[in-house]
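Okay, so here's the structure we're looking at.
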Amino acid sequence: MPNRKSGSRAALALAIAGVVSGFVSPTVLARPAPVAADPGTLQVPFVANTGRYDDAVAYSATTFAGTVFVTRAGEIVHDLAYAAPGRAEPARYTLVESLAGAMPLAPRAADIASARVTRIDGDRADDAATYRRVALGRAWNGVDVWLQAGNNNVEKFFSVEPGASAAAIRVAVRGAQSLAAASDGRLVARTDAGELAFSKPVAYQEIGGERRAVDVAYTVHGNEYGFALGDHDTSRAVVIDPVLQSTFLGGGEFDNTAALAVHPVNGQIYVAGTTQSANFPGTVGGAQRYFGVNGSDFVIARLSSDLTTLLQATYLGRSWQSDDLSAMVIHPQTGDVYVAGTTLDTYFPYAAGGARPANGGGRDAVVSRLSADLTTVYQSTFVGGSRNDYGFLLAIAPDTGDVYLAGDTYSANLPGAAGGAKPTYVVNAQEYGDAFVTRLNPALTTLVQSTYVGGTRGDNVGGNQQFGATRNLAFHPVNGDLYLAGATSSWDFPAIAGIFDTDTWTGAFVTRINPQLSTFVATAWFGGNASETVSALAIDPAGGDVLIAGTTSATTLAGTAGGAQPAPAANPIASGNAYVARISDDLATLRQATFLGGRNYDEARGLAIDPANGDVFVVGRTASTDFPGRFVTPAPAQAAYGGGDYDAFVSRLDASLTTLERSTYLGGASEDRLYCAIVNPFNGELVVAGDTRSTTFPMTAGGARPTHGGSWYDMVLSRLSTDL
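Residue numbers (full-length UniProt numbering): 1 to 724.
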């Protein structure tokens with residue numbers, strides 16, 4: 001394997017990538033997904049070798065599992081780290097991929113990235129450019145090969161031109177004892193480090209705006225593998241489907257997604273929401289196996305990271321009344337699962353011993369703490385006064401581990417508000433309501449502090465959404481303050497630092513509160529010439545800026561000049577566009593905003609930030625058949641509108657919000673909606689969740705629940721590559 005010139009050994013680990021391609025001209029493409037391995041956290045593009053490694057090395061890339069080297073001869077070198085019996089330190093093993101029978105290769109970098117890498121080794125320091133792609137060149141007649149650093153991995157792209165044969169592709173693997181095509185379509189390599197599995201490749205063609213699958217399978221020839229394609233139109237492109245896996249999740253009645261999380265230790269996927277299904281799958285063995293007699297219950301489910309196995313589910317609620325879940329977080333230190341929502345019940349499971357063991361009156365917010373395996377409820381508590389109180393948002397303080405609940409209230413006697421940043425509720429004839437934040441200890445047995453949030457008119461963080469929930473609460477990783485977003489018509493909102501609005505009607509707000517909930521540090525007002533809702537807030541882990549997304553009926557918005565979409569689509573059919581805005585962490589500067597949508601109604605519901613480069617993912621629903629960002633190379637996961645009143649969408653914008661890099665629909669023949677998005681730090685994949693009425697939702701075969709539960713809406717989750 002390549003060594004550093006300084007003589008110290010480079011730290012490497014396995015990062016086997018799949019095969020993909022994506023020219024607009026007729027091409028043949030196929031891709032196996034990456035080998036499963038223990039993940040790391042560093043995500044860097046290809047780095048040019050400036051002398052740190054042996055001269056044989058041209059480029060290196062850090063992946064979820066370690067480092068991949070590209071040699072000047074076009075070989076791909078992986079160094080595996082694995083647990084060996086009787087050894088405290090990981091053992092190492094080298095695996096090398098080379099293109100068998102290829103023409104002479106000359107790797108060259110392309111698509112330069114903004115980052116540069118400076119490495120210091122003793123008294124030596126080198127500064128190197130980084131790149132997203134490395135082209136190996138034309139390997140066989142009509143077949144070009146290149147590598148791409150993305151999705152926290154390195155992927156191999158094979159482009160087969162018209163008239164050329166995919167059978168020419170042969171990849172030799174040195175360091176594997178044997179290769180075998182498994183009955184489930186995977187490729188299994190036996191090595192001294194154990195069995196390494198590539199998942200089944202998937203390919204399709206876009207014909208007349210519809211996706212048509214192309215059969216593709218591994219072929220094995222000794223220590224070489226290739227691909228065999230089934231019947232396809234050779235005059236059209238065959239592309240890899242970037243949707244890695246989807247799954248339905250639900251029973252025979254209404255099932256609605258509200259929250260999504262990744263466990264910080266094992267990478268398992270948690271989804272939570274509200275169900276009316278008495279036959280929700282997987283609840284046997286859960287903390288509450290049975291559904292309440294009537295109404296709706298909370299439901300929480302735990303799935304494998306590849307979405308192929310439902311590991312456990314549980315109900316949480318009380319018979320006869322409706323319990324609506326809105327939020328879920330996983331404690332970063334303990335791994336415990338916290339959920340929050342709203343209940344009409346005067347009794348809620350495990351509230352005895354909680355900070356507020358009884359309902360204060362009307363609807364109350366409620367918070368519960370469960371074990372990571374979902375088999376135990378440790379504690380619940382009500383939060384609320386004598387009138388209606390709604391729990392919508394949760395966040396965990398990174399230093400104390402305390403639990404912060406935010407929502408909307410109409411109660412003038414919210415518990416714990418004395419001493420808060422806004423200790424009193426402003427009663428008015430219109431009964432607008434206020435937002436609130438409450439701080440609880442991790443055990444949920446002590447209410448530490450509450451505060452109202454807002455001015456003298458209406459202020460809410462619930463978004464007035466019919467389905468799903470909002471995700472507008474987060475702690476800043478640097479200054480430690482709490483950021484909360486919502487909608488307001490209060491021009492006397494406290495601590496205004498920046499007003500970014502083209503009119504004086506209802507707008508979006510972002511407020512910054514100290515962790516003690518005793519001080520409003522700053523507030524920003526954002527909007528246009530009509531009203532806005534806010535459905536999502538995210539904080540850039542690199543620069544610290546605050547991003548919000550939602551829906552606006554405005555035709556002008558502050559800060560959209562220079563944005564990816566400076567104005568709504570021309571000749572609109574319906575009012576309503578998604579928007580995204582980026583604001584400085586002191587809330588004094590609007591850095592950039594952009595519309596996002598087509599001629600019909602578009603609604604943004606979730607945000608996620610790619611830690612590799614700061615790119616911004618937006619998810620939601622759209623009725624626009626002309627949604628922007630789909631006509632790119634390679635084609636997105638689903639370029640054509642699936643059908644029904646709405647399709648879900650996923651969009652990727654650059655960090656500055658000035659470029660829409662790609663969008664994809666995600667849906668079947670009926671209505672589909674996405675509410676949540678998260679980049680899984682264990683493998684760099686994008687996970688999205690929502691609900692669907694479509695029995696034809698894409699890529700559910702092989703999922704934990706491959707078929708729709710039946711009546712109305714099912715929860716739905718999908719894994720996508722971050723390039724969409």
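From the three backbone atoms N, C-alpha and C, an ideal C-beta is built for every residue, glycine too.
- Straight-line spacing of the CA atoms in Asn460 and Val448 works out to 22 angstroms.
- Within the same chain, Ile499, Asp501, Gly507, Phe509 come within 6 angstroms of Trp525 by CB-CB distance, once the 5 residues on both sides are set aside.
- In chain order, Ala421 place their CB closer than 6 angstroms to the CB of Thr519, counting only its own chain and leaving out the 5 sequence neighbours on each side.
- Under the criterion of beta carbons closer than 8 angstroms, Leu316 and Gln379 do not qualify as touching, at roughly 12 angstroms.
- Here Ala327 carries a strand assignment [DSSP, helix/strand/coil].
- For Ala417, the secondary structure class from DSSP, reduced to helix, strand or coil, is coil.
- If one requires a minimum length of 4 residues, no alpha helix (DSSP H) run lies completely within the stretch 378-416.
- In the DSSP assignment, Gly690 falls within the unbroken beta strand (DSSP E) covering 686-692.
- If one requires a minimum length of 3 residues, the beta strand (DSSP E) runs lying completely within the stretch 643-709 are 647-653, 660-666, 672-679, 686-692, in chain order.
- Boundaries of the beta strand (DSSP E) harbouring Val339: 337-343, taken from the DSSP string.
- For Ser651, the closest alpha carbon among the candidates Arg302, Gly643, Leu660, Asp645 is that of Leu660.
- With a cutoff of 7 angstroms on beta-carbon distance, Ala522 and Ala495 are scored as near each other.
- Cβ neighbours of Ala58 within its own chain (closer than 7 angstroms, five residues either side excluded): Asn49, Val70, Thr71, Arg72, Pro107.
- For Leu557, there is no enclosing beta strand (DSSP E), as DSSP gives it neither H nor E.
- Excluding five sequence positions before and after Ser694, the CB atoms of its chain that fall closer than 8 angstroms to its own CB belong to Gly642, Gly643, Gly644, Gly667, Gly668, Ala669, Ser670, Glu671, Asp672, His708, given in chain order.
- Beta-bridge annotation (DSSP): His221 is paired with Glu224.
- About 4 angstroms separates the CB atoms of Leu607 and Ala536; that is less than 8 angstroms, so the two are in contact.
- If you draw a straight line from the Cα of Arg170 to the Cα of Leu105, it is about 15 angstroms long.
- When DSSP states are grouped into helix, strand and coil, Ala639 belongs to the coil group.
- Boundaries of the beta strand (DSSP E) harbouring Ser368: 364-370, taken from the DSSP string.
- For Ala538, the enclosing beta strand (DSSP E) stretches over residues 532-539.
- Counted as a single uninterrupted DSSP element, the beta strand (DSSP E) harbouring Thr594 occupies residues 590-596.
- Of the candidates Thr625, Arg630, Ala635, Ser663, the residue whose Cα lies closest to the Cα of Tyr646 is Thr625.
- Contact check between the stretch 479-497 and the stretch 389-401: three or more CB pairs, one atom from each, fall below 8 angstroms, which counts as touching.
- Within the model, the alpha-carbon separation for Asn266 versus Val339 is close to 19 angstroms.
- Here DSSP, grouped into helix, strand and coil, assigns Ala166 to helix.
- The straight-line gap separating the alpha-carbon atoms of Val546 and Phe382 is approximately 30 angstroms.
- Judged by DSSP in its simplified three-state form, Asn613 adopts coil rather than helix or strand.
- With fewer than 16 other Cβ atoms inside 10 Å of its own Cβ, Ser165 counts as exposed.
- The Cβ atoms of Arg662 and Pro681 lie no closer than 7 angstroms to each other.
- DSSP lists no bridge partner for Ser575.
- In the DSSP assignment, Asn256 forms a beta bridge with Thr274.
- Scanning its chain for C-beta atoms nearer than 7 angstroms, with the 5 sequence neighbours on each side dropped, one finds around Leu724 the residues Pro242, Pro636, Ala637, Val650, Arg652, Arg662, Thr664, in chain order.
- Burial check for Thr130: the Cβ neighbour count within 10 Å reaches 16 or more, so the residue is buried.
- Within 10 angstroms of the beta-carbon of Glu89 lie fewer than 16 other beta-carbons, which makes it exposed.
- Judged by DSSP in its simplified three-state form, Tyr350 adopts coil rather than helix or strand.
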